[in-house]
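One structure below.
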DNA sequence: CCGTTAACCTGAGAGC
DNA sequence: TGCTCTCAGGTTAACG
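In our numbering, the protein residues as written are 4 to 291.
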């Protein structure tokens, strides 16, 4: 489901809700996630206190006060629900896939804090996963191969131009490659290329420096706009606190096949093309 | 090393 | 209704 903006929204609300809270109990109903949940998972979390909740790329990182960590990936369909037993019907805006009614069937992990506050990890497809990381060095090691996030100043024209070099892979796949750039997924890759006026099928080695610059600017714009709008909710998601993702209303190309191009003075029509088994949307007229 | 493919899963929606 | 097929916001092991 979630790309950088959606994960950031989840991080923000989690950070508000569980900072300084101590884990009282962990219940695992299904260990068979994308990677099998380690056997020591429950005991590792128990009695640890949350210092803060951070994020790298599409990963949520629970930072414990003793400098250890729990890394969470939501996969395609994972959601985190916040529940305060003292205030019934209190959900955070951490769901982008499911409706308010959580199908209990897919509640795989519950982390219960003091004062009857808990978070529930729900994931129908089970592509999501948890990892425990014992110290700062190991956390650094976990992400050392990852490319910079678009907001990082290392993600600049020169970096992109030299990384693409003579490589023949198409630019759409580069944007999805987390070792090149971290946090972009299938929706935002299409949106970023539209804003950059670059056709998703263009081979990496054909991009000019000026186009690399455009990718820097547009990826920052698309992702930060999406965060401002609370992320994208493709399914008809609503939650009780009333917050929901709204960026889907701003999509210029994603899921707009056969509709008119939104760029001023462009009379093009949005096309859909399967690139490496994943759908890409683009304007055949203004994306060269 | 590079680029592509299959595999991991469930559920919704389309078409018959 | 019910069956089959396709598709979905991601990652990674394996292959040529």
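Built from N, CA and C at the ideal position, the CB exists for glycine as well.
All of these numbers come straight from a predicted model, not from anything done at the bench.
Just mark residue i as buried or exposed, buried being the case when its beta carbon has 16 or more other beta carbons within 10 Å.
i: residue 133; result: buried
i: residue 56; result: buried
i: residue 82; result: buried
i: residue 98; result: With a pLDDT of only 49 at residue 98, under 50, the local geometry of the prediction cannot be trusted, and the value read off the model is given with reservation. Flag for residue 98 reads buried.
i: residue 259; result: buried
i: residue 69; result: exposed
Might you give, ordered along the chain, the residues of its own chain that have their beta carbon closer than 7 Å to the beta carbon of residue i, omitting 5 neighbours on each side?
i: residue 137; result: 71
i: residue 11; result: 58 and 230
i: residue 245; result: Reliability of the predicted coordinates at residue 245 is poor, the pLDDT of 42 falling under 50, and the value obtained from them is presented with this limitation in mind. Correct list: empty, nothing qualifies.
Sorted by chain position, which residues of the same chain lie with C-beta nearer than 6 Å to residue i's C-beta, five sequence neighbours on each side aside?
i: residue 283; result: 175, 193, 203 and 276
i: residue 195; result: 221, 222 and 225
i: residue 34; result: 40
i: residue 62; result: 74 and 76
Among the candidates the options, whose CA atom is the shortest distance from the CA of residue i?
i: residue 123; options: 206, 67, 30 and 166; result: 30
i: residue 20; options: 32, 27, 85 and 117; result: 85
i: residue 261; options: 280, 288 and 215; result: 288
i: residue 216; options: 160, 42 and 43; result: 160
i: residue 37; options: 90, 111 and 17; result: 111
Inspect the beta-carbon positions of residue i and residue j and report whether they are closer than 8 Å.
i: residue 263; j: residue 272; result: yes
i: residue 212; j: residue 164; result: yes
i: residue 7; j: residue 60; result: yes
i: residue 173; j: residue 278; result: yes
i: residue 188; j: residue 179; result: yes
i: residue 107; j: residue 113; result: no
Give every residue of the same chain whose Cβ lies closer than 8 Å to the Cβ of residue i, excluding the five residues on either side of it in the sequence, and list them in chain order.
i: residue 168; result: 207 and 208
i: residue 347; result: The requested residue 347 does not occur in the structure, where the chain is confined to residues 4 to 291.
i: residue 151; result: 157, 158, 162, 184 and 185
i: residue 145; result: 74, 134 and 136
_Every unbroken alpha helix (DSSP H) inside the segment 182-262 [4 residues or more]_ = 189-199 and 212-231
*Go through the segment 37-76 residue by residue and report every complete run of the alpha helix (DSSP H) that reaches 4 residues or more, in order.*
44-48
*Could you name each continuous beta strand (DSSP E) segment of 3 residues or more that falls completely within the segment 105-179, going from the start of the chain to the end?*
110-116, 120-125 and 132-136
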